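J.: This is the structure I have questions about; it appears just below.
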Amino acid sequence: MRRTLTSHLPEATPGSPVLLQGWVHRRRPLARVTFLVVRDRTGLAQVVLPAGAEVPPEETPIEVTGTATANTQAPGGVEVTDATVIALAEPAETPAVELWRPTLETGLPTLLDHAATTWRHPMQRAKWELAAASLRGFRDTLDAQGFTEVQSPKLVEQATESGANVFEVDYFGRPAFLAQSPQFFKQQLVGIFERVYEVGPVFRAEPHDTVRHLAEYVSLDVELGFVEDHHPVMACLRDVVAGMVEAVRVRAEDAVVRLGIELPEVLPEIPVIHFRDALEIAGAPADERDLSPGHERALGEWAKAEHGSDFLLVDGYPTAHRAFYSHPDPADPHWSRSFDLIFRGVELVSGAQRLHRYGDYVRTLEERGYPYAPYASYVEAFKRGIPPHGGFAIGLERWIGRLVEAPNIREVTLFPRDLHRLAP
Ligand code: AMO
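Numbering-wise (this note's numbering), the sequence shown opens with residue 61 and increments by one.
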């Protein structure tokens, strides 16, 4: 007999035999009958058994054979009667949380310690459904604009973002690092494909225990060639974010409803302000090097009040305090052609036009006092014809975190890695 998914049970002809597979979601022994609620990837179904029937404990995977029977009281108007239940694994241990309750009332440590079961709760699963839909939106938008998806190494020779927060590994007896970003590779790949994107894990040995940092996260990287400055890069980012929101709206409709979230509107042009003005709006001193989380919150509120936008682009960060590959503004090299995208008061994206001339890289490395040797294979690629280019990277967990307005990024990460956590 072919399996019937719980979501298709309402279409089963009353009186016909059905086979369900799923988990024991809930047992409800009553005086006259025992109700068994079965959960599969698509939803829930009710099975009616005789009073006193032996049913495996909650979360045990089971197979149920029986008869589809119309009952207006049952979810979807059809339940399974005359049923036989077979356990497909050992009886499950009692889960740390009661997964059949409509909401998951538990603290973060329990949620994370028992991730392999707590993510089964429909409210948890819904968060990842948003992530999965977002990934489809990211890829679809870029595919439609002539980008090629790439994959770059995660074992690398040098730090790309800053020396401090890299994980060192033993690479056949010599030191190597876990990639902090695909930055150097995506730039070199522009020389091959013009337009590339990558979805993959990146690693940051973040020494701080914050609600927005993970030691491993999913980076959605984009890089495109033949740009005159950072504006086309920001326009591409706008389209990508709009594509992600649209994909969530269409592909994860149930998750959006279940979580009761409001999807952001992406304006045809996301408002852009210069870093100098951002400091002023946030009430920060004019010589500040970067925006603090408090400044970002203030800017998020300002963008909402002033432009009705959940998104704000800040460009022109001080060159000296951005990554060395950022392109200075030729009109005033103190400022760079780099930007951050703030989403609901939190930095979601960093990007920039990059340097693309070999000579500029050599000069910048010297000015910053960086050694040449560890960067040689990267910067020497610029001797062989890399066009003007730029790109950006979106943090997937940050995106979902702000979408559902989770207080802590770990709540939307399947198996978070941080200062204290390497399992599960
Ligand atoms: P950056 O280091 O700013 O830029 O990272 C880009 C985006 O990645 C997310 N992010 C993080 N998410 C979770 N935990 C972390 N520890 C963490 N660190 C960063 C944020 C951030 O905005 N190579 C550049 C990008 C580029 O210019 O293309 C880079 O990696 O959402």
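No residue lacks a Cβ here, since even glycine has one placed at the ideal position from N, Cα and C.
Note that the coordinates shown come from a computational prediction; the quantities given were computed from them, not determined experimentally.
Which partner residues of Glu123 appear in the DSSP bridge assignment?
T.: Gln81, Ile146
J.: Rounded to a whole number of angstroms, what is the C-alpha to C-alpha distance between Leu69 and Gly167?
T.: 35 Å
J.: For Glu228, which residues does DSSP report across the bridge?
T.: Phe237
J.: Quick one: what's Ser410 bridged to in DSSP?
T.: Bridge partners of Ser410: Asp400, Ala453.
J.: Beta-carbon within less than 8 Å of Arg382's beta-carbon, same chain only, minus the 5 sequence neighbours each way: which residues are those?
T.: Ser396, Ser398, Ala412
J.: So what does DSSP say about Tyr257, is it helix, strand or coil?
T.: strand
J.: Would DSSP call Arg180 helix, strand or coil?
T.: coil
J.: Using the three-state DSSP reduction, which class does Asp478 fall into: helix, strand or coil?
T.: strand
J.: By alpha-carbon positions, which one of Glu361, Asp400, Glu356 ends up nearest to Ala295?
T.: Asp400
J.: Mark Pro267 as exposed unless 16 or more other C-beta atoms lie within 10 angstroms of its C-beta, in which case mark it buried.
T.: Residue environment analysis places Pro267 among the exposed positions, since fewer than 16 neighbouring C-beta atoms fall within 10 angstroms of its C-beta.
J.: Which residue's Cα is closest to the Cα of Arg311: Val300, Leu190, Gly360, Leu372?
T.: Check the Cα spacing between Arg311 and each of Val300, Leu190, Gly360, Leu372: the tightest is with Leu190.
J.: Among His416, Tyr432, Gly451, whose alpha-carbon lies nearest the alpha-carbon of Arg444?
T.: His416
J.: Inspect the CB distances between the segment 173 to 188 and the segment 146 to 158 and report whether three or more fall short of 8 Å.
T.: yes
J.: For Pro434, decide whether its Cβ has a neighbour in chain D, counting only Cβ atoms nearer than 9 Å.
T.: Among the protein chains of the structure shown there is no chain D, as only one such chain exists.
J.: Can you find the residues in the same chain that come closer than 6 Å, C-beta to C-beta, to Arg255, ignoring five residues on each side of it along the sequence?
T.: Gly206, Phe207, Leu284
J.: Hey, would you say the C-beta of His334 is under 8 Å away from at least one heavy atom of ligand 1?
T.: no
J.: I'd like to know whether the C-beta atoms of Arg428 and Phe384 end up nearer to each other than 9 Å.
T.: For Arg428 and Phe384, yes; Cβs fall inside 9 Å.
J.: Report the three-state DSSP secondary structure of Val464 (helix, strand or coil).
T.: If DSSP states are grouped into helix, strand and coil, Val464 belongs with coil.
J.: State the Cα-Cα distance for the pair Pro393 and Asp289, rounded to the nearest angstrom.
T.: Straight-line Cα distance between these residues: approximately 14 Å.
J.: Given a cut-off of 9 Å on the beta-carbon distance, is the pair Leu425 and Ile402 in contact?
T.: no
J.: Taking DSSP's pairing of strands, which residues face Val98 in a bridge?
T.: Val84, Ala105
J.: Which stretch, first to last residue, makes up the beta strand (DSSP E) that contains Gly206?
T.: Per DSSP, Gly206 belongs to no beta strand (DSSP E) and is neither H nor E.
J.: Looking at C-alpha atoms only, which residue of Pro345, Arg87, Ala315 is the closest neighbour of Val464?
T.: Ala315
J.: Three or more beta-carbon pairs under 8 Å between the segment 233 to 245 and the segment 344 to 355, yes or no?
T.: no
J.: Assign Tyr438 to one of three DSSP states: helix, strand, or coil.
T.: helix
J.: Quick check: Ala143 and Val107, are their CB atoms within less than 9 Å of each other?
T.: yes
J.: Return the residue from the list Pro74, His387, Thr73, Ala105 that minimises the CA-CA distance to His85.
T.: Ala105
J.: Go ahead and pull the three-state DSSP assignment for Thr424.
T.: helix
J.: Would a C-beta distance cut-off of 9 Å place Ala363 and Leu351 closer than the cut-off?
T.: no
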